[in-house]
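Report on one structure; see the data block that follows.
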Amino acid sequence: MPSRADARAAAGAADEGEIARAAERIAAGGLVAFPTETVWGLAADAASASALAALARFKGRPLAQATSVLVSGPERLAALALDVDARARAWIDAFWPGPLTLVLPSRAPDALAPGIANARGEVGVRC
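Structure (structure tokens):
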């Protein structure tokens, strides 16, 4: 398994121009493919219902099937109103950034764009 340092080094592999173009595409409602430690990911604006609908269509799955959210750091979990208990915090401290997706309960799942929370109001999140 890659170390935290390996994950950080891999994240720095893209040049600034590529990152800026990807950010612009996402901000415009588009999709971006990117490599992770384990698989290729598809990125969309997690706050945009239309971008998430486009992602679901592209992947050929129903919008009701929740999509994980990639965050830049643990401090971004508050924006998703996620409950982070002591056990989840320990996993975050040990494995993020890295190939670990946590499924955490949201205090406000209805405030999230459709396609983020599952039927139980939980959100898959990774850093």
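Residues in the sequence shown are numbered consecutively from 37, following my numbering. Don't be surprised by glycine CBs; every beta carbon is placed ideally from N, CA and C. Everything numeric in this text was worked out from a predicted model, so none of it was measured.
Next item on the list: Kindly identify the DSSP beta-bridge partner or partners of Arg162.
Entry: In DSSP, Arg162 forms a bridge with Leu106.
**OP:** Would you mind sorting Ala130 into buried or exposed? The rule is 16 or more other CB atoms within 10 Å of its CB.
**Re:** By the Cβ-count criterion, Ala130 is exposed, with fewer than 16 other Cβ atoms from all chains shown falling within 10 Å of its own Cβ.
Quiz item: Who are Phe70's beta bridge partners in DSSP?
Solution: Per DSSP, the beta bridge partners of Phe70 are Gly77.
Practice task
Identify every residue that forms a DSSP beta bridge with Pro141.
Solution key: Looking at the DSSP assignment, Pro141 forms a beta bridge with Glu158.
- Query: From Arg57 to Pro71, what distance separates their C-alpha atoms?
  - Reply: Whole-angstrom Cα-Cα distance: 16 Å.
Going straight from the alpha carbon of Ala155 to that of Ala100, what length do you get? Between Ala155 and Ala100, the C-alpha separation is close to 8 Å.
Answer with yes or no whether the minimum CB distance from Ala149 to chain C is below 7 Å. Reference to chain C is not applicable here, since this structure consists of a single protein chain.
**Report entry** Helix, strand or coil at Leu88 [DSSP, three-state]
**Finding:** It is helical.
Since I believe Leu116 is in contact with Val161 (beta carbons under 8 Å), could you give me their beta-carbon distance rounded to a whole number of angstroms?
In this structure, Val161 and Leu116 form a Cβ contact; the two beta carbons are roughly 7 Å apart against a cut-off of 8 Å.
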